[in-house]
Amino acid sequence: MTIFELLAVVITLTAALGFANERWLRLPTVIGVTIAGMVTSIGVLALGHFGAFGGGTAFAEDVLARIDFDALLMQGMLGALLFAGALEVDIGELARQKWTILVLATVGVVASTFIVGGALHLVLGALGLRIDFVYALLFGALISPTDPIAVLALLKRARAPKELETLIGGESLFNDGVGVVVFALILGVAVAGGHGDPAGGADFGHVATLFLEEAVGGVLFGLALGLAAYWMLKEIDAYGIEILVTLAVVTGGYALAGRLHTSGPLAMVVAGLLIGNRGRAFAMSEKTKQHLDTFWLVIDEVLNAVLFVLIGLEVLVLELSPLFLVAGLIAIPIVLASRFVSVGLPIMALRRRRRFLDYTVRIMTWGGLRGGIAIALALSIPASRQRDLLLLMTYVVVVFSIIVQGLTVEPLARRAMAGEGLPTAGDVALERADRQRAEERGGDEGAPGEG
């Protein structure tokens with residue numbers, strides 16, 4: 001099967017499942033296509049089990065086996081998705097909450113990594129399912145950051161104040177980049193230590209240097225990319241070339257970040273914020289803004305649909321061990337509890353400096369979705385029995401997060417806001433519609449007098 005044929009199969013299947021979701025399920029795209037992909041996978045497995053679709057099962061598994069999910073997402077789609085998400089974030093509101101986001105995206109991620117890793121190591125060990133501590137930490141690192149792709153897609157539908165929306169969205173954009181760096185550092189320790197000795201082959205100074213190169217280097221490189229693109233956008237007024245410039249930032253910039261050993265995800269977030277705010281305000285005509293927004297909206301929606309269809313289809317290539325499934329179910333409350341602690345404690349400490357809405361921790365805990373990035377990181381771990389365990393645990397947590405949390409976070413936010421006496425997004429929309437009708441009536445009444 002050629003690359004073109006493989007792409008054709010994936011795009012066609014994504015279009016079919018996306019249509020089915022919009023026509024019958026009518027769920028948010030992220031949730032609907034994931035469910036549709038899982039149902040399709042389970043159907044293929046069931047038919048193959050009963051000998052009714054053996055050739056089709058082999059074909060489907062062959063297609064999935066040929067897709068390098070880790071490379072596709074981490075080196076292909078991630079840069080575009082993060083850039084597209086960052087374009088929509090208000091940098092002014094982000095700046096007002098910068099210290100909260102910084103603490104949650106760094107201290108929160110590291111704390112959650114060790115809470116999840118430590119708890120998982122103890123609980124699974126007590127159940128007789130041995131996992132090396134460094135691999136438990138690996139799971140903590142890959143599952144602790146919230147996935148900005150899943151979070152931002154659902155935030156578009158969220159009924160929450162702008163302040164909370166920016167906090168959740170901003171944290172998810174930055175904790176993703178930090179989480180990838182932390183995961184890479186722990187993976188390096190695991191490999192150097194012979195899979196069991198976390199102290200082997202690494203020291204604190206080396207780890208700190210790598211972190212600075214990746215995280216700080218990624219931010220600085222993203223700033224340089226954004227400024228270069230801003231200058232180019234300001235010098236011309238040709239929306240086709242300007243869109244091409246932003247595309248070059250995402251593709252060329254992300255590839256170069258890898259060569260420079262800096263964080264590509266963080267670089268894309270910073271460049272997207274700069275172009276989406278300063279570039280939009282001072283370097284683009286109205287026509288360019290419209291075309292740029294439309295282009296990246298389409299890219300974002302298409303890549304999201306493809307990504308979450310692939311997440312659903314991953315069932316076909318997982319080792320569905322009953323014991324591993326139990327471990328995955330155990331991991332769900334551990335991950336949620338660690339999220340509650342790693343978000344709640346920093347916010348409790350920061351309340352001395354600023355006010356938070358009373359339900360902030362609840363919404364951030366339940367609304368902190370995990371997605372394709374966690375699966376991609378799990379797939380990047382070298383092959384071993386422990387890698388198979390981590391991969392299935394990751395898949396169980398991600399599916400629970402997308403489907404259960406994704407379907408219930410909006411009602412939770414609505415109830416929390418109603419308890420606070422705050423207007424929901426629906427109330428705001430109705431108020432806006434009433435105001436618009438009143439303005440139209442006022443315009444109609446004034447019209448005859450103008451003649």
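If you're matching positions, the sequence shown starts at 1 in the working numbering and goes up one per residue. The C-beta atom is built at its ideal place from N, Cα and C for all residues, glycine as well. Quick caveat, the model's predicted, so the values are computed rather than measured.
Secondary structure at S380, three-state DSSP: helix, strand or coil? The sequence position of residue 380 within the sequence shown is 380, counting from 1. Three-state DSSP puts S380 in coil, outside helix and strand.
First through last residue of the alpha helix (DSSP H) which encompasses T146: Numbered from 1 along the sequence shown, position 146 holds the residue referred to as residue 146. Run containing T146: none; DSSP gives neither H nor E here.
M268 and L142 - do their beta-carbons sit closer together than 9 Å? For the purposes of this step, residue 142 is identified with residue 142 of the sequence shown, where counting begins at 1. For the purposes of this step, residue 268 is identified with residue 268 of the sequence shown, where counting begins at 1. Not a contact, by the Cβ cut-off of 9 Å.
Do you know how far the Cα of V182 is from the Cα of V110? As a first step, residue 110 is located in the sequence shown; it is residue number 110 there, counting from the start. As a first step, residue 182 is located in the sequence shown; it is residue number 182 there, counting from the start. Computed Cα separation, rounded: 8 Å.
May I have the straight-line CA-CA distance separating V249 from A271, to the nearest angstrom? The count along the sequence shown starts at 1 and reaches residue 249 at position 249. The count along the sequence shown starts at 1 and reaches residue 271 at position 271. When rounded, the distance between both Cα atoms is 8 Å.
Going by C-alpha to C-alpha distance, which of M232, L73, G108 sits closest to I149? For the purposes of this step, residue 149 is taken as the residue at position 149 of the sequence shown. Residue L73 is the option with its Cα nearest to I149.
Just checking my contact of F69 with I375 at CB under 8 Å: how many whole Å lie between their CB atoms? Numbered from its first residue, the sequence shown carries residue 69 at position 69. Numbered from its first residue, the sequence shown carries residue 375 at position 375. Their Cβ separation, rounded to whole angstroms, is 7 Å, which keeps F69 and I375 in contact under 8 Å.
What do you reckon, are the CB atoms on A119 and I334 nearer than 9 Å? As a position in the sequence shown, residue 119 is number 119, starting the count at 1. As a position in the sequence shown, residue 334 is number 334, starting the count at 1. Taking 9 Å as the Cβ cut-off, A119 and I334 qualify as a contacting pair.
Pair within 9 Å by beta-carbon distance, S41 and L325: Reading the sequence shown from its first residue, position 41 is the one you call residue 41. Reading the sequence shown from its first residue, position 325 is the one you call residue 325. It is not a contact, given that the beta carbons lie outside the stated cut-off.
Between the Cα of E171 and those of G258, T100, L185, L389, spot the shortest distance and give me the residue it belongs to. For the purposes of this step, residue 171 is taken as residue 171 along the sequence shown, with counting starting at 1. Taking only the C-alpha atoms, the option nearest E171 is T100.
Mapping the DSSP letters down to three states, classify F174 as helix, strand or coil. Counting from 1 along the sequence shown, the entry for residue 174 is found at position 174. Three-state result, F174: helix.
Does the stretch 210 to 222 come close enough to the stretch 233 to 248 that 3 or more CB-CB pairs lie under 8 Å? no
Tell me the DSSP secondary structure of H195 in three-state form. Counting from 1 along the sequence shown, the entry for residue 195 is found at position 195. Caution is warranted here: a pLDDT of 44 is assigned to H195, below 50, making its placement in the model unreliable, and the coordinate value is therefore given only provisionally. DSSP places H195 in coil when its eight states are reduced to three.
Which residues mark the beginning and the end of the alpha helix (DSSP H) in which W231 is found? Residue mapping note: residue 231 aligns to position 231 of the sequence shown, counting from 1. Counting along the chain, the alpha helix (DSSP H) containing W231 begins and ends at 217 to 235.
Inter-residue spacing [alpha-carbon to alpha-carbon] between A184 and A337: As a working note, residue 184 is residue 184 in the sequence shown. As a working note, residue 337 is residue 337 in the sequence shown. Spanning the two alpha carbons is a distance of roughly 24 Å.
Beta-carbon proximity list for A416, same chain, < 7 Å, skipping 5 on both sides: For this step, residue 416 is matched to residue 416 along the sequence shown. Y359, R362, I363, listed in sequence order.
In the DSSP assignment, find the alpha helix (DSSP H) that holds P101 and state where it starts and stops. The residue labelled residue 101 in the question sits at position 101 within the sequence shown. The question names Pro, yet the displayed sequence has Ile at residue 101. Unbroken alpha helix (DSSP H) run through I101: 98 to 126.
Grouping DSSP H, G and I as helix and E and B as strand, with all else coil, what is A454? Nothing in the structure corresponds to residue 454, since the chain is present only between 1 and 451.
Cβ separation of G108 and S342, assumed to be a contact under 8 Å, to the nearest whole Å: Numbered from its first residue, the sequence shown carries residue 108 at position 108. Numbered from its first residue, the sequence shown carries residue 342 at position 342. Yes, G108 and S342 are in contact; Cβ-Cβ is about 4 Å, under 8 Å.
Need the endpoints of the alpha helix (DSSP H) that F295 sits in, please. Working through the sequence shown from its first residue, we reach residue 295 at position 295. Note, F295: alpha helix (DSSP H), 286 to 313.
In the structure shown, what three-state DSSP assignment does Y395 receive? In the sequence shown, the residue the question calls residue 395 occupies position 395. Correct three-state label for Y395: helix.
Evaluate the contact criterion for the stretch 275 to 282 versus the stretch 225 to 235: three or more CB pairs, one atom per stretch, below 8 Å. yes
Anyone know if the C-beta pair for T14 and V298 falls short of 9 Å? Within the sequence shown, the letter at position 14 stands for residue 14. Within the sequence shown, the letter at position 298 stands for residue 298. Cβ atoms of T14 and V298: not closer than 9 Å.
Pull up the CB-CB distance for A105 and V178, whole angstroms please, since I reckon it's below 8 Å. Within the sequence shown, residue 105 is the residue found at index 105, counting from 1. Within the sequence shown, residue 178 is the residue found at index 178, counting from 1. About 5 Å; that satisfies the 8 Å criterion.
Give the DSSP-derived three-state secondary structure of Y459 in the structure shown. A question about residue 459 goes unanswered here, because the residues of the chain that appear run from 1 up to 451.
Can you tell which of P411, L412, L391, R414 has its C-alpha closest to the C-alpha of A136? Looking up residue 136 in the sequence shown gives position 136. The option with the nearest alpha carbon to A136 is L391.
Relative to the C-alpha of G48, which residue among T288, M38, E61, A36 is closest? As a working note, residue 48 is residue 48 in the sequence shown. Answer by Cα proximity: E61.
Count the other CB atoms, across all protein chains shown, that sit within 10 Å of the CB of L389; report buried if there are 16 or more and exposed otherwise. Taking the sequence shown and counting its residues from 1, one reaches residue 389 at position 389. It is buried - the Cβ of L389 has at least 16 other Cβ atoms within 10 Å.
Looking at the structure shown, is A15 part of a helix, part of a strand, or coil, going by DSSP? As a first step, residue 15 must be located in the sequence shown, where it is residue number 15. In the structure shown, A15 sits in a helix (DSSP, three-state: H, G or I).
Supposed contact pair G406 and V30 - C-beta distance, whole angstroms, cut 8 Å: Position 30 of the sequence shown, counted from the first residue, corresponds to residue 30. Position 406 of the sequence shown, counted from the first residue, corresponds to residue 406. Indeed they touch by this definition, with Cβ atoms about 7 Å apart.
Taking Cβ positions, are L369 and I330 nearer each other than 9 Å? As a working mapping, residue 369 is identified with position 369 in the sequence shown. As a working mapping, residue 330 is identified with position 330 in the sequence shown. No, Cβ-Cβ distance for L369 and I330 is not below 9 Å.
Closest by C-alpha distance to L223, when choosing among V207, Y239, A238, G253: In the sequence shown, residue 223 corresponds to position 223, counting from 1. Residue G253 is the option with its Cα nearest to L223.
Enumerate in chain order the residues of its own chain whose CB-to-CB distance from E301 is below 6 Å, with the five nearest sequence positions on each side excluded. Taking the sequence shown and counting its residues from 1, the one referred to as residue 301 is at position 301. For E301, where only same-chain residues beyond five positions count, there are no Cβ hits under 6 Å.
In whole angstroms, what is the alpha-carbon distance linking G18 and Q75? The residue labelled residue 18 in the question sits at position 18 within the sequence shown. The residue labelled residue 75 in the question sits at position 75 within the sequence shown. Distance between the alpha carbons of G18 and Q75 is about 24 Å.
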